[in-house]
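Take any residue in the sequence shown, note its place counting from 1, add 33, and you have its number in my numbering.
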Amino acid sequence: MGFGLGFDPAQPQPKPESQHINPLWDTMAQMEDQSALTLAVLSRRMLVTGIVLFFVLTVTVYGRSLGNEFVHFDDNILIFENPAVQTLTPASVHWVFSHFDPELYIPLTFVSYQIDHVIGGLHPLVYHLHNLILHTLNALLVVAIGAILTKRWRVGLLCGLLFALHPLHTEAVVWAAARKDVLSSFFALATLVTYLLYRQAGRSAWYIASVLLFLLALLSKVSVLLLPVFLVIIDWYQGRPLKKRVCTEKLPYVFFALILGLVAILGKQSVLADSPLLSSVLMAGKSTVFYLQKLFAPLKLSVIYPYQEEITILAPDFWIPLVILSIFGVFVLLSLRHTKTVVLSTAFFLLFLAPSFTNYAKAGDIFFASDRYAYLPSIGVFLLFALTADWALRRTRGFARSMLTACIVAILGIFGFLSARQSLVWHDTFSLFRNVVALYDYSYLAQNKVGAKLWEQGEHEEAMEHLLRSIALKPNYRAYYNVGLVHLSLGEEDLALSANLNAITLNPAYAPAHVNLGYLFWRKGDLEQAREHLERAVELDPRDLDALTNLAGLEIAQGNLNRARELLNRTLALDPEHPDATALMERL
């Protein structure tokens with residue numbers, strides 16, 4: 034069957050009079066046979082008013098979140114504590130192309146952070162604005178893809194609006210560390226648009242552009258590596274015979290996907306080792322149904338979704354989603370008798386979601402979902418919803434049509450309101466994890482984060498409650514370390530010493546705890562123990578300024594001035610205005 038993008042549509046096949054025709058399926062099938070939406074129409078109706086509309090909408094919804102701070106949850110690792118992104122030189126670019134993040138290979142994402150730093154240093158506004166611009170461009174690309182694939186600009190517009198305003202996307206938009214998701218999605222969607230233009234016009238320039246854009250998508254985040262499979266599904270959907278040429282032109286995409294996929298596996302070895310096949314399948318079913326649920330009812334969203342129960346098929350948490358997905362799978366297969374649209378939409382959703390199915394185990398903890406993983410896959414669901422809404426609008430007249438339009442506008446308005454509210458949850462680390470505690474009070478990670486921030490605010494008693502709750506849920510070195518900080522602030526040095534010893538018992542390679550132990554043993558007059566811990570801290574993290582300055586102070590106290598000078602020079606090379614290092618250097 035010809036799709037019509039530069040090709041003659043196939044003649045509709047007559048149906049026996051006795052065959053029952055479902056109006057919805059029949060209309061969708063007719064849409065597959067209609068002539069294509071021309072680029073001229075697309076440009077007139079979408080490009081001018083669409084760009085303005087979408088930027089106004091996204092700024093209206095997410096504008097207040099541009100004042101959000103960085104959060105101490107990957108933002109520190111990827112951005113404001115990462116020297117590699119705080120300069121843009123040939124050496125720094127080489128570094129990001131030769132290192133992981135520490136487990137993902139995202140060199141182009143790092144380059145985008147380097148550009149942000151050139152523009153605005155470490156001001157969070159620049160990074161948040163960059164994400165918002167990318168999200169808006171992504172929404173516009175979704176409009177183009179939906180309009181071209183379905184040959185109806187109204188479908189593309191509704192699909193793009195849902196994408197722009199849905200609350201489940203808030204995490205990807207307002208979290209600076211989620212740049213890899215919005216950036217890889219931008220290049221992936223641009224890959225699809227240029228491929229569709231190539232299919233329409235037959236110009237090799239569009240094909241080359243599509244392949245190169247796919248490479249850029251992979252270099253941003255490899256999670257889009259199944260895109261070549263979707264290109265084949267597009268060909269099938271458009272009625273293009275799957276001959277040798279169709280497969281051959283996908284080889285460059287497959288080549289880049291294989292190469293970058295293998296590189297990604299190198300960084301994910303520990304994660305894959307902690308993800309048994311059966312557990313991955315069960316967790317994939319649970320997370321898939323969860324994302325579908327949140328797409329239709331985007332409430333109680335969280336930065337993490339912890340899971341503490343046993344992963345077993347006997348648990349309702351896992352066998353019920355598998356039953357639901359099996360029933361839906363049968364529905365998808367049956368729909369092929371009437372339309373290809375359901376298969377197209379389902380394939381989009383699952384192909385771009387599948388790479389996340391092994392990401393549930395992290396550092397010994399289980400998280401059954403992450404909002405940003407649904408960012409790109411959600412387009413498949415929006416496409417099907419937009420097609421259904423368009424069918425309903427064309428089947429109704431008068432008051433019923435007005436009411437249906439009002440319902441669609443209301444849904445978009447509610448989504449926009451919820452997104453704006455959710456974006457402010459990300460204002461800072463404290464508000465972000467306070468939200469987690471409200472939803473999942475059994476999250477030891479969230480309890481620790483909230484406790485640490487309360488300590489910073491001087492709320493020692495409440496901080497200790499959350500930190501002890503974190504330890505009760507799961508003994509963990511970060512909570513013990515933070516308990517030590519609270520005790521130290523209260524002058525309870527023996528208790529602080531005990532807490533930090535517990536921290537290094539759980540994680541002997543945690544440098545900050547060794548720094549505190551060095552300081553505390555020094556205060557007790559045990560200089561040998563103090564030196565041992567401070568030397569260990571510098572060994573573990575040669576860039577730890579507290580470790581360097583404390584060790585330099587110890588060297589000065591013991592008369593080792595040359596060694597002290599060398600340590601202080603290292604500190605000032607990292608931070609020329611470090612106050613403690615400057616003061617100690619003046620004593621030499």
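The beta carbon of each residue, even a glycine, is placed where N, CA and C say it ideally should be.
Find the nearest neighbour of residue i within the set the options, judged by alpha-carbon distance.
i, options, result
"A197", "V265, L182, L328, Q562", "L328"
"F418", "L190, S503, L170", "L190"
"L445", "F133, A124, G193", "G193"
"A496", "L506, V483, K507, I504", "V483"
"V571", "R187, I152, N549, V458", "N549"
"V176", "A407, G272, F87, T374", "F87"
"V314", "A290, L355, P349", "L355"
"V188", "I412, K277, A290", "I412"
"L541", "H566, P116, E526, Y552", "Checking the sequence, you will find Pro at residue 541 rather than Leu. Cα-wise, what sits closest to P541 is H566."
"L167", "L530, P116, A221", "A221"
"D268", "Y228, L299, E498", "Y228"
"G154", "V129, A117, H127", "A117"
"R556", "G524, R569, D574, L539", "G524"
"G96", "H132, F361, T169", "T169"
"I292", "F247, V126, S359", "F247"
Between which two residues does the alpha helix (DSSP H) carrying residue i extend?
i, result
"S3", "Given a span of 34 to 621 for the chain in the structure shown, any question on residue 3 remains unanswerable."
"P545", "544 to 556"
"Q562", "560 to 573"
"H499", "493 to 506"
"G235", "Element bounds for G235: n/a, residue is neither H nor E."
"A433", "431 to 458"
"S522", "510 to 522"
"Y477", "477 to 489"
"G100", "Careful: G100 lies outside any alpha helix (DSSP H) and carries neither H nor E."
"V614", "Strictly speaking, residue 614 in this sequence is Ala, with Val absent from that position. Where A614 is concerned, the enclosing alpha helix (DSSP H) stretches over 612 to 620."
"K319", "310 to 329"
"D608", "D608 -> no alpha helix (DSSP H), and no H or E assigned at all."
"L284", "284 to 300"
"L377", "374 to 386"
Look at the alpha carbon of residue i and the alpha carbon of residue j, and state the distance between them as a whole number of angstroms.
i, j, result
"I181", "A242", "18 Å"
"P309", "E114", "33 Å"
"H493", "I357", "47 Å"
"L584", "L578", "10 Å"
"I112", "G235", "42 Å"
"Q63", "G318", "Its pLDDT being 47, under 50, Q63 is placed unreliably in this model, and the coordinates cannot settle the point."
"T60", "R185", "Summary for T60: the model assigns pLDDT 45, below 50, so the residue's position carries little reliability; its value from the coordinates is reported in the next sentence. One C-alpha to the other measures close to 13 Å."
"G431", "V442", "17 Å"
"S476", "L506", "8 Å"
"G37", "E136", "The pLDDT assigned to G37 is 33, lower than 50, so where the model puts this residue is not dependable; a value taken from the coordinates is nonetheless given after this. If I take the Cα positions, the gap works out to 44 Å."
"G35", "D350", "With a pLDDT of only 36 at G35, under the threshold of 50, the placement of this residue in the model should not be trusted, and no figure is reported."
"P339", "F103", "22 Å"
"I139", "S389", "15 Å"
"F289", "A223", "16 Å"
"R278", "L284", "10 Å"
"L57", "W352", "In this predicted model, L57 has a pLDDT of only 44, less than 50, meaning its place in the structure is not dependable; the value taken from the coordinates is given anyway. Those two C-alpha atoms are separated by around 31 Å."
"R603", "T538", "29 Å"
"S312", "L299", "21 Å"
"A616", "Y543", "27 Å"
"E50", "Q341", "Below a pLDDT of 50, predicted positions are generally treated as unreliable, and E50, at 37, falls in that range; the measurement from the model is reported next regardless. So the alpha carbons of these two residues sit roughly 57 Å apart."
"E619", "L121", "33 Å"
"L521", "P609", "28 Å"
"H199", "F450", "9 Å"
"A238", "S464", "48 Å"
"A597", "Q147", "33 Å"
"T71", "R370", "Its pLDDT being 49, under 50, T71 is placed unreliably by the model, and the measurement read from it follows with that caveat. Between T71 and R370, the C-alpha separation is close to 28 Å."
"S456", "F323", "21 Å"
Just checking my contact of residue i with residue j at CB under 8 Å: how many whole Å lie between their CB atoms?
i, j, result
"N101", "H150", "That belief does not hold up - the Cβ atoms of N101 and H150 are roughly 18 Å apart, past 8 Å."
"L426", "T438", "7 Å"
"Y513", "N535", "4 Å"
"I84", "L141", "Contact flag wrong, Cβ pair sits at about 24 Å."
"K254", "K213", "4 Å"
Do residue j and residue i count as a contact pair if the criterion is CB distance below 8 Å?
i, j, result
"D559", "T582", "no"
"N468", "S256", "no"
"I344", "M316", "yes"
"A402", "S320", "yes"
"D108", "A205", "no"
"N481", "S452", "no"
"S145", "Y408", "no"
"N515", "L500", "yes"
"F385", "L251", "no"
"W488", "V458", "no"
"L165", "T91", "yes"
"T462", "H105", "yes"
"L249", "P331", "no"
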